[in-house]
Each structure stands twice: as C-alpha cells, then as structure tokens.
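Remarks on the structure that follows.
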Amino acid sequence: MLAINDFPAFKKVATPFYYYDVDLFEKTIKTVAELSKETGIKVHYSVKANADRRLNDIISSAGLGADCVSGDEIEFAVTCGYKPKDIFFAGVGKTDREICQAFQVGIGAFVVESLEEIQIISDIARRLGRKASISLRINPNIDPHTHHYITTGLYEDKFGISDRSFDEAAAMVSTDPNIDFFGLQFHIGSQILEVEDVVRLECEKVNQIVAKFESNGLVIKNIDLGGGLGVDYDDPDRNPVADFRTWFSTIDKWLVRRPDQTVHVEPGRSIVAQCGSLITEVLYVKKGENRRFLMVDAGMNDLIRPALYGAYHKIENVSAHYDDNDGRETRVYDVVGPVCESADTFGKERSLAKSHRGDLIAIRSAGAYGQVMASNYNMRPFAPAVYSDRLVEARRRKDYFAGE
Ligand code: LLP
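For the sequence shown, the numbering used here begins at 257 and goes up steadily by one.
So this is what it looks like as structure tokens:
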C-alpha cells in the first residue's frame with residue numbers, strides 16, 4: 257500500500273495530483289549513484305521520463321548527467337544544475353534551432369541517428385566556428401522482449417544507424433574537421449524485465465560492433481548502452497527500487513571494456529516510476545448492466561499509459577487503508593476517468609476495497625511517463641506535483657459550499 261506519513265494532510269490536497277515519495281526517490285538515487293561509483297558506469301538520467309524540477313535538482317545534485325531529446329530539455333537540464341558536458345542530446349529529428357541551442361549550452365555530445373544529421377550538425381558547427389562532439393546511435397537489431405511501442409532497436413524501428421551505413425558513418429566522423437568523434441550509443445527499448453538475458457545479448461552485439469568500428473580505424477572512447485531497465489508495475493511495494501544491481505553487474509560482466517573507455521547508461525523509468533502515484537478521488541460509483549464503474553476525477557489526459565499501451569498500473573483505495581484499517585470488503589470495478597473516450601480506463605475488473613464517493617484512489621508507479629505525457633484534452637487542467645514532505649504546502653481542496 258502507498259506509504260503516506262501524514263494522511264490527514266494528504267486528504268486535504270485538491271485532486272487529482274501526482275504524489276512523489278521523496279524518501280523513496282532519494283533512496284533510489286543513492287543506490288544508482290553508489291553503483292555508478294562502484295562500477296565506473298556513468299549515469300545520464302533520461303529527462304523525458306519526468307521533468308519535475310525538484311526531482312531533477314535531486315538527481316543532478318547526486319552527480320548524474322542528463323539525456324535530453326529537445327532544445328528545451330537541454331535548457332531545463334542546465335537550470336536544474338546538470339553539468340553541460342554531462343548532457344547528451346539524442347533524438348531522430350533535431351531541428352537546426354535545437355542544434356544551435358545545444359552548441360550554446362556546450363553539451364557533452366550529440367547522439368546522431370543518420371548520415372544526413374551528421375552532415376547538418378557538421379555544417380552548423382562550421383558556421384558557428386565550433387567542433388561538434390558526436391556519438392553515433394547504432395541500431396543493433398535486438399529484440400528487447402517488451403511492448404512494440406517501446407521497442408527501438410530493431411531494423412523496422414526508425415532509430416539509429418544500421419549496418420549498411422556503418423562504413424560511411426565511420427568515414428564521415430573520422431575525416432570531418434568539424435567533428436570530434438565521441439563514441440557509440442545503443443538503446444534497444446524500454447521496460448526490459450529479462451535483464452540478464454537481454455543485456456547480455458546487447459553487450460555481445462555491442463562488443464562485435466565496437467570491434468567493427470575499431471577495425472575501421474576509429475577509437476571508441478565512449479560506449480553508451482541507453483536506458484530500458486524495467487520496474488515492477490504489478491507490485492511496486494515488493495520492488496520499490498528497480499534492480500539496478502543486476503543491470504550494472506550484467507554490463508560489467510559481458511561488455512568488453514578497455515581501460516581508456518567510459519561506459520554510460522541512460523535510465524529514465526527505473527529512476528522515477530516507483531516514487532510517483534497519481535492520486536484521484538472517486539466521483540461516482542456507477543452500476544452498469546454487467547459491470548461496476550468507479551468514476552474518478554483523473555483521466556487519460558493525466559496518465560495516458562493505460563490508454564496508449566494497455567499498460568498495467570496497480571490501483572488501490574487509500575482511504576480504505578488509512579481510514580478503515582483495510583476493514584472493508586472488496587468489490588470488482590472498472591476504474592474509469594471522465595474524458596469522453598472509452599479508452600479513458602485505468603484498469604478493468606480490478607478488485608478493490610468497497611469504494612464510496614470521496615475516497616482517494618492511488619494509481620501506482622506513475623512517476624515515469626506520467627506527468628510528462630499529460631495533456632489538457634477536454635480542457636482539463638494539468639494535475640500538479642505534490643511531494644511527500646511538503647503535503648501541507650500543497651493546494652487545498654476547494655470549499656465549494658458556504659459553511660463547509
Ligand atoms: N535513451 C533513449 C535513447 C531513449 O529513447 C529512452 C526512452 C531512454 C534512454 C530511457 O529509457 P527508459 O530507461 O525510460 O526505459 N512512454 C513510454 C516509454 C518511452 C521510452 C522512450 N525512450 C512508456 O510510457 O512506457
């Protein structure tokens with residue numbers, strides 16, 4: 257069950273909101289920073305997973321770098337205190353404006369995805385009188401055994417440079433006077449749970465590809481294995497911190513590293529998913545012909561993962577836990593939002609404590625790709641962030657009726 261230190265204060269916060277457990281978050285960051293130190297693997301947090309200012313301040317203070325995918329993410333990363341040289345700029349469609357922004361900030365490396373992009377970045381570097389530090393994103397053609405929407409390292413995906421262009425890419429980065437070759441980058445997909453098998457396969461493939469580039473005369477100073485470590489959506493309390501140790505040790509074991517090479521990773525989800533929950537209030541309990549609906553005040557505009565990927569998030573009635581000591585009987589509900597779409601469903605046939613209007617519901621593991629993917633569809637306002645240690649400062653529920 258979601259851990260809340262001060263439930264009376266929690267109950268007074270206006271819903272829906274994203275609740276971040278700061279203790280759990282700090283514990284996660286500490287684990288990652290320690291493993292990074294132990295193994296020498298440099299960690300660049302993937303800002304796209306959650307761009308909350310406070311969480312990013314904590315991440316940058318622990319010495320992690322950032323993986324960014326837009327000009328605005330780069331500028332945000334700098335204001336959060338990430339060191340410019342520890343910022344990578346990835347993405348299949350960088351605009352000229354964003355490339356210039358990245359030069360202005362002085363980022364560590366552009367992660368480029370095509371031959372055309374190498375040429376464009378080189379041209380802009382020349383015009384600015386700068387040198388571009390370039391990493392080549394490789395498509396290693398590996399199946400990460402995850403949802404096809406978040407598989408990125410297969411030939412049919414739009415990402416990365418594939419075998420047929422290796423020689424040409426190598427020639428471009430080694431001969432162009434406007435380019436400093438930084439290294440190779442690989443990212444095969446997200447929410448990887450078969451960590452040992454998939455990461456071993458990835459490392460073996462990376463070893464071959466690094467050798468191939470070296471045989472072309474390139475010196476590979478940096479190898480970036482991307483992100484992708486999965487989290488336990490079924491039971492976030494069983495595994496509140498992702499299995500970073502297995503990830504780092506599998507890399508350590510299977511990746512061939514020379515002493516002068518630096519290995520990087522870019523985790524997003526595993527850093528932020530488990531500390532976040534979307535908190536919503538039950539508006540109505542509606543009996544349909546053959547289903548019981550729990551209509552809540554958060555919608556797919558607040559958390560789109562179930563509608564977009566059919567993603568599973570654990571759902572709990574927190575009022576039943578904290579007010580009634582879990583004493584209530586259970587019922588089976590479809591948990592749905594107020595948006596005018598049938599896809600606005602957070603979970604079907606979920607067994608929950610018998611719920612009433614006004615109960616608070618937690619949709620767990622929502623810290624990654626939750627708040628950042630929100631929209632104001634149906635002109636619904638954005639759900640704000642509320643931190644576990646700042647509950648009393650959060651926006652209060654409105655008193656709609658005089659005297660309440
Ligand atoms: N590096 C690159 C190049 C990426 O494309 C991504 C994620 C990451 C790192 C971070 O991966 P992570 O550690 O978070 O798996 N919205 C989807 C996930 C999209 C992932 C996009 N790329 C979801 O909600 O599941």
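C-beta atoms are modelled at their ideal positions from N, C-alpha and C, and glycine is treated no differently.
Mark residue i as exposed unless 16 or more other C-beta atoms lie within 10 angstroms of its C-beta, in which case mark it buried.
i, result
"residue 660", "Since pLDDT at residue 660 reaches only 48, below the 50 mark, its modelled position is unreliable, and the value read off the structure follows with that caveat. Exposed."
"residue 488", "buried"
"residue 393", "buried"
"residue 566", "exposed"
"residue 366", "buried"
"residue 540", "exposed"
"residue 552", "buried"
"residue 293", "exposed"
"residue 447", "buried"
"residue 441", "buried"
"residue 336", "buried"
"residue 585", "exposed"
"residue 545", "exposed"
"residue 612", "exposed"
"residue 599", "exposed"
Tell me the DSSP bridge mates of residue i?
i, result
"residue 542", "549"
"residue 565", "Answer is none; residue 565 lacks a bridge partner."
"residue 298", "520"
"residue 638", "Its beta-bridge partners do not exist; DSSP assigns none."
"residue 536", "617"
"residue 368", "392"
"residue 630", "Per DSSP, none; premise fails for residue 630."
Using a Cβ-Cβ cutoff of less than 7 Å, which residues in the same chain neighbour residue i once the five nearest sequence positions on both sides are dropped?
i, result
"residue 646", "none"
"residue 371", "421, 424, 425, 428"
"residue 502", "451, 452"
By Cβ distance below 6 Å, which residues in the same chain neighbour residue i in space, the five residues on each side in sequence not counted?
i, result
"residue 497", "284, 287"
"residue 588", "605, 607"
"residue 455", "506"
"residue 578", "263"
"residue 269", "642, 650"
"residue 564", "none"
With a CB to CB cut of under 8 Å and the five nearest residues on each side skipped, what residues in its chain are close to residue i?
i, result
"residue 384", "356, 359"
"residue 326", "347, 354"
"residue 289", "299, 318, 319, 320"
"residue 396", "409, 416, 442, 444, 458, 461, 462, 465"
"residue 631", "557, 560"
How far does the beta strand (DSSP E) with residue i in it extend, from its first residue to its last?
i, result
"residue 271", "Segment: none, residue 271 is in no beta strand (DSSP E) and carries neither H nor E."
"residue 589", "586-592"
"residue 604", "601-609"
"residue 384", "Premise fails: residue 384 lies in the alpha helix (DSSP H), 371-384, not in any beta strand (DSSP E)."
"residue 392", "388-394"
"residue 435", "435-442"
Kindly indicate the opening and closing residues of the alpha helix (DSSP H) around residue i.
i, result
"residue 424", "422-431"
"residue 313", "309-317"
"residue 576", "574-580"
"residue 356", "352-361"
"residue 459", "451-471"
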